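Counted from 1, the first sequence has number 498 at position 400 by the working numbering; the numbering is strictly sequential. The C-beta atom is built at its ideal place from N, Cα and C for all residues, glycine as well. Owing to the predicted nature of the structure, the values given are computational and were not obtained by experimental measurement. Reading through the structure tokens given below for one structure.
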Amino acid sequence: MYRRIEAIVRATLEACAAHGLIALGDVPRDLSIEKPKRKEHGDFATTTCLTLAKAARKNPRELAAGFLLHLQDPEGILDAAEIAGPGFVNFRVREPVWRESLKQVAILQTAYGRSHEGAGKRVLVEFVSANPTGPLHVGHGRGAVTGDAVASLLAAVGYSVDREYYINDVGNQMNILGRSLFVRYQQLCGKDVPFPENHYQGGYVLPIAEAFRAKVGDSHVDDDYETNRRFFTDFIKDDILKGIEKDLERLGVRFDRWFSERSLHDAGRLQKVVADLEAAGTITTDEAGRKVFRTTLFGDDEDRVVIRENGVPTYFAADIAYHQEKFERGYDLCIDVWGADHHGYIPRVKAAVQALGIDPGRLEILLYQFVSLVEGGEQVRMSTRTGQFETLEDLLEDVGEDATRCTFVMRKSDSQFEFDLSQARTQSEDHPVFYVQYGHARLCQVLEKAKREGHGVPTLDSVDLSVLVLEEELDLIKKALDYPFVVSSAASVRGPHHIVFYLQELIGLFHTYYSKYAHTEKVVSADLRKTAARLFLCDALRIVVSNALALLGVSAPERM
RNA sequence: GCCCCCGUAGCUCAGACGGAUAGAGCCGGGGAUUCCUAAUCCCUGUGUGCCGCAGGUUCGACUCCUGUCGGGGGCACCA
99 MYRRIEAIVR ATLEACAAHG LIALGDVPRD LSIEKPKRKE HGDFATTTCL
149 TLAKAARKNP RELAAGFLLH LQDPEGILDA AEIAGPGFVN FRVREPVWRE
199 SLKQVAILQT AYGRSHEGAG KRVLVEFVSA NPTGPLHVGH GRGAVTGDAV
249 ASLLAAVGYS VDREYYINDV GNQMNILGRS LFVRYQQLCG KDVPFPENHY
299 QGGYVLPIAE AFRAKVGDSH VDDDYETNRR FFTDFIKDDI LKGIEKDLER
349 LGVRFDRWFS ERSLHDAGRL QKVVADLEAA GTITTDEAGR KVFRTTLFGD
399 DEDRVVIREN GVPTYFAADI AYHQEKFERG YDLCIDVWGA DHHGYIPRVK
449 AAVQALGIDP GRLEILLYQF VSLVEGGEQV RMSTRTGQFE TLEDLLEDVG
499 EDATRCTFVM RKSDSQFEFD LSQARTQSED HPVFYVQYGH ARLCQVLEKA
549 KREGHGVPTL DSVDLSVLVL EEELDLIKKA LDYPFVVSSA ASVRGPHHIV
599 FYLQELIGLF HTYYSKYAHT EKVVSADLRK TAARLFLCDA LRIVVSNALA
649 LLGVSAPERM
């Protein structure tokens with residue numbers, strides 16, 4: 099519907115230009131069709147007459163009058179178009195057009211809401227990518243849900259999307275982790291060794307040490323850790339990764355690929371990319387013998403070391419190679435979902451991408467702000483190293499998968515929010531997600547009941563929607579028809595939270611409708627024409643809600 | 001010191017490109033169920049929401065610019 103209004107406005111503007119009212123060159127590409135907040139202002143409104151007034155050197159209202167004079171509505175979908183306020187033009191779409199349009203939902207079914215804006219483009223969303231040094235905590239949950247929902251949104255608007263987890267399985271943290279295992283293992287074997295400072299103290303290491311001992315016995319107690327490092331790090335890393343995968347699976351997050359940083363090292367990609375950039379002159383060797391990437395050439399604050407004096411590459415070096423590798427795989431767009439603590443890292447990665455000859459616009463960094471946990475008014479500090487954190491698993495256990503996902507996805511990712519754990523646990527049954535799910539269940543049960551009484555959802559040709567004359571019914575139709583637009587705009591701003599708000603509004607309208615007419619104009623009644631039309635409407639609503647929930651990764655129960 | 005994000009109702013948050021009277025949910029009070037699910041609905045609440053504050057741009061600013069205050073985060077040869 100939005101598109102049809104846009105077409106009318108554009109055609110009208112062209113007609114205006116033909117009559118010399120405005121210059122065609124002044125017509126913006128984006129016509130700013132909006133939905134008025136107030137119902138009296140009609141179904142759609144445009145502000146183009148206000149914006150064009152200046153260039154046309156005309157009074158906005160006068161221009162709007164000219165606009166109406168040349169109104170192009172060949173399909174005759176408009177009921178009214180009028181000037182309002184300083185120069186708005188409000189449109190009211192004919193009711194039969196609205197009703198008829200509802201058939202789109204039934205025609206498209208699960209494809210309703212999808213579009214082709216991203217058709218032919220491949221995008222890679224890389225997210226979570228938490229170091230495999232401990233279980234996922236609540237903060238990671240936000241990154242996981244955000245990344246997953248954004249990926250789904252992009253897929254819904256036609257992109258071919260892959261989800262990827264980058265495993266930082268190289269470096270000092272791995273080393274410390276391996277030693278944490280080693281020492282715990284030694285302690286289990288009865289050896290009195292102190293637990294080193296700054297190592298992973300979390301309780302989760304103990305069962306891993308036990309499993310390790312169960313597997314290898316006491317034979318490695320006296321190993322020299324340094325020479326046997328890989329043995330320990332691999333064991334604990336694999337174990338932790340398995341746990342991470344399990345938590346994510348439970349959250350409904352599945353990756354197409356788990357990409358190991360080590361594989362980049364093993365394939366010699368770091369050396370290669372460094373050599374290439376050296377040849378290009380963007381990496382130079384300094385007086386101390388370090389190789390430095392001159393990211394300042396691309397707008398970074400300072401140059402960044404990629405190969406240390408001792409020849410060991412930095413994490414950044416791996417990241418350059420990783421991004422190069424990602425783009426080489428043929429993605430048109432790469433989205434990295436990072437916690438806000440990494441924001442300082444953006445300029446150098448952008449610089450790297452640019453130095454590699456890739457348009458930095460093809461790399462998008464989506465930051466999500468931290469979740470600050472509050473328990474009974476007290477701030478809960480989180481640290482993997484000290485083992486103090488609320489795990490994602492516990493949260494899932496306490497509040498459930500759907501509420502957890504919804505909690506994260508209903509907030510704009512770049513706003514910080516306070517998560518009250520005690521409140522989340524005690525009030526989990528009041529969560530907005532259930533409001534929406536209940537609405538879905540209610541729709542299903544109405545359809546179910548109708549079926550039991552011999553009323554199926556009518557076919558497209560047989561249904562007569564003209565009997566849907568109640569104001570609430572038209573409101574519902576309009577809202578349902580808004581869905582594709584909501585999906586596109588949510589996708590373009592990478593903001594899945596818009597879907598949640600939309601769902602609440604849609605379901606709210608339905609609950610109101612349902613309750614208001616529970617005694618008078620029920621869906622299933624003796625009036626067969628009304629019953630058929632209303633079942634058609636309910637089924638359309640069910641489709642919209644179910645599609646939207648699927649997009650968010652939240653289940654759509656048929657009964658509750 | 002420099003950089004990034006946030007600041008909207010008592011609380012948690014929306015507010016798409018600058019537009020008409022800035023919205024939800026939660027919380028408090030009252031009511032609705034012989035009838036498609038009451039995990040729902042309806043009414044209502046104290047609060048004149050100085051949209052953190054002060055300027056600026058504009059016909060018009062919660063939205064854009066500058067400054068300022070408050071909160072969070074960053075400023076590694078850690079990942």
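Which of helix, strand or coil DSSP assigns to residue 616 | One-based indexing of the first sequence puts residue 616 at position 518. Three-state DSSP puts residue 616 in coil, outside helix and strand.
How many Å lie between residue 141 and residue 170 at the Cα?
-> Sequence index remark: in the first sequence, residue 141 carries index 43 (1-based). Sequence index remark: in the first sequence, residue 170 carries index 72 (1-based). Going from the Cα of residue 141 to the Cα of residue 170 covers about 17 angstroms.
Look at residue 276 and residue 330 and say whether their C-beta atoms are less than 8 angstroms apart.
-> Working through the first sequence from its first residue, we reach residue 276 at position 178. Working through the first sequence from its first residue, we reach residue 330 at position 232. Contact flag set, yes.
Coil, strand or helix - residue 238 by DSSP | Counted from its first residue, the first sequence places residue 238 at position 140. Of the three classes helix, strand and coil, the one that applies to residue 238 here is helix, per DSSP.
Distance CB(residue 561)-CB(residue 237) smaller than 8 angstroms = Counted from its first residue, the first sequence places residue 561 at position 463. Counted from its first residue, the first sequence places residue 237 at position 139. No; because the gap between Cβ atoms is not below 8 angstroms, this pair is not in contact.
How should residue 284 be labelled, buried or exposed, when 16 other C-beta atoms within 10 angstroms of its C-beta is the threshold for buried?
-> Here the question's residue 284 lines up with position 186 in the first sequence. Its Cβ being crowded by 16 or more others within 10 Å, residue 284 is buried.
Residue 579 to residue 608 span [Cα, whole Å] = Sequence index remark: in the first sequence, residue 579 carries index 481 (1-based). Sequence index remark: in the first sequence, residue 608 carries index 510 (1-based). Their Cα atoms are separated by approximately 14 angstroms.
Can you give me the Cβ contacts of residue 258 inside the same chain, cut-off strictly under 6 angstroms, excluding the 5 residues immediately before and after it?
-> What you label residue 258 is simply residue 160 of the first sequence in a count that begins at 1. Within the same chain, residue 258 has close Cβ partners 220.
Coarse secondary structure for residue 264, derived from DSSP in three states | Position 166 of the first sequence, counted from the first residue, corresponds to residue 264. Looking at residue 264 - three-state DSSP - the assignment turns out to be strand.
Touch test, the region 532–550 against the region 562–570, Cβ-Cβ under 8 angstroms, three pairs minimum = no
CB of residue 381 within 8 angstroms of CB of residue 351, strictly | Counted from its first residue, the first sequence places residue 381 at position 283. Counted from its first residue, the first sequence places residue 351 at position 253. No; because the gap between Cβ atoms is not below 8 angstroms, this pair is not in contact.
Buried or exposed by the 16-neighbour rule on C-beta atoms within 10 Å, applied to residue 194 = Stepping through the first sequence from its first residue, residue 194 is reached at position 96. By the neighbour-count rule (16 or more Cβ atoms within 10 Å), residue 194 is not buried but exposed.
In terms of DSSP beta bridges, what is residue 294 paired with?
-> Here residue 294 is taken as the residue at index 196 of the first sequence, counted from 1. For residue 294, which the question treats as bridged, DSSP gives no partner whatsoever.
Beta-carbon gap between residue 444 and residue 456 smaller than 8 angstroms | Counting from one through the first sequence, the residue named residue 444 turns up at place 346. Counting from one through the first sequence, the residue named residue 456 turns up at place 358. Not closer than 8 angstroms, so no.
Contact check, residue 401 vs residue 392, beta carbons under 8 angstroms | For the purposes of this step, residue 401 is taken as residue 303 along the first sequence, with counting starting at 1. For the purposes of this step, residue 392 is taken as residue 294 along the first sequence, with counting starting at 1. In this structure, residue 392 lies closer than 8 angstroms to residue 401 by Cβ.
Closest to residue 203 by CA distance: which of 620, 614, 574 is it?
-> In the first sequence, counting from the first residue as 1, residue 203 sits at position 105. Per the Cα distances, 574.
Three-pair Cβ contact test at 8 angstroms for the region 426–446 versus the region 238–258 | yes
Could you check what DSSP says for residue 283 in three-state terms: helix, strand or coil?
-> Locating residue 283 in the first sequence gives position 185, counting from the first residue. Helix, per DSSP.
What are the boundary residues of the alpha helix (DSSP H) that residue 533 is part of?
-> By 1-based counting over the first sequence, the position of residue 533 is 435. 530–550 is the span of the alpha helix (DSSP H), which, as asked, contains residue 533.
Please name the residue in 371, 589, 357 whose C-alpha comes closest to that of residue 228.
-> Residue numbering aside, residue 228 sits at position 130 when the first sequence is read from its first letter. That would be 357, whose Cα lies nearest to the Cα of residue 228.
Assuming residue 632 and residue 643 form a contact by the criterion Cβ under 8 angstroms, report the distance between their Cβ atoms to the nearest whole angstrom.
-> In the first sequence, counting from the first residue as 1, residue 632 sits at position 534. In the first sequence, counting from the first residue as 1, residue 643 sits at position 545. Contact doesn't hold; Cβ gap of about 16 angstroms is too wide.
Please name the residue or residues paired with residue 432 in a DSSP beta bridge.
-> Indexing the first sequence from 1 puts residue 432 at position 334. 222, 461.
Using three-state DSSP, classify residue 513 as helix, strand or coil.
-> As a position in the first sequence, residue 513 is number 415, starting the count at 1. Note: residue 513 maps to coil in three-state DSSP.
Throw me the rounded Cβ distance for the residue 191 and residue 165 pair, which I believe falls under 8 angstroms.
-> Within the first sequence, the letter at position 93 stands for residue 191. Within the first sequence, the letter at position 67 stands for residue 165. Incorrect: roughly 17 angstroms between the Cβ atoms, too far for contact.
Identity of the residues DSSP links to residue 259 by a beta bridge | Numbered from its first residue, the first sequence carries residue 259 at position 161. The partner list for residue 259 (beta bridge, DSSP) reads 221.
Only counting runs of 3 or more residues, tell me where the beta strand (DSSP E) segments fall wholly within the region 121–151, in order along the chain.
-> The region 121–151 contains these whole beta strand (DSSP E) runs: 142–144.
Cβ-based neighbour list, residue 506, same chain, cut-off 7 angstroms, excluding 5 preceding and 5 following | Within the first sequence, numbered from 1, the residue matching residue 506 stands at position 408. Closer than 7 angstroms at Cβ, skipping near neighbours: 239, 240, 243, 244.
Leaving out the 5 sequence neighbours to the left and right, which residues in its chain are closer than 8 angstroms to residue 509 when beta-carbon positions are compared?
-> Counting from one through the first sequence, the residue named residue 509 turns up at place 411. Closer than 8 angstroms at Cβ, skipping near neighbours: 515, 595.
Are the Cβ atoms of residue 231 and residue 298 separated by less than 8 angstroms?
-> Locating residue 231 in the first sequence gives position 133, where the first residue counts as 1. Locating residue 298 in the first sequence gives position 200, where the first residue counts as 1. In contact: residue 231 and residue 298 (Cβ atoms closer than 8 angstroms).
So, residue 255 versus residue 586, is the Cβ gap smaller than 8 angstroms?
-> As a first step, residue 255 is located in the first sequence; it is residue number 157 there, counting from the start. As a first step, residue 586 is located in the first sequence; it is residue number 488 there, counting from the start. Closer than 8 angstroms, so yes.
Are there 16 or more other CB atoms within 10 angstroms of the CB of residue 543, so buried, or fewer, so exposed?
-> On the first sequence, residue 543 is found 445 positions in, with the first residue counted as 1. Per the 10 Å Cβ criterion, exposed.
Using alpha carbons as the reference points, say which of 214, 599, 519, 628 lies closest to residue 554.
-> Taking the first sequence and counting its residues from 1, the one referred to as residue 554 is at position 456. Out of 214, 599, 519, 628, 628 has the C-alpha closest to the C-alpha of residue 554.
Residues that residue 470 bridges to, as DSSP identifies them | Here residue 470 refers to the residue found at position 372 of the first sequence. Answer by DSSP bridge pairing, in chain order: 516.
Opening and closing residue of the alpha helix (DSSP H) in which residue 578 lies = Mapped onto the first sequence, residue 578 falls at position 480. Per DSSP, residue 578 belongs to the alpha helix (DSSP H) from 569–590.
Reference residue 447, options 528, 420, 522, closest by Cα = Here the question's residue 447 lines up with position 349 in the first sequence. The shortest Cα separation from residue 447 among 528, 420, 522 belongs to 420.
Between the C-alpha atoms of residue 208 and residue 645, what's the straight-line distance to the nearest angstrom?
-> In the first sequence, the residue the question calls residue 208 occupies position 110. In the first sequence, the residue the question calls residue 645 occupies position 547. Using only the alpha carbons, I get a separation of about 6 angstroms.
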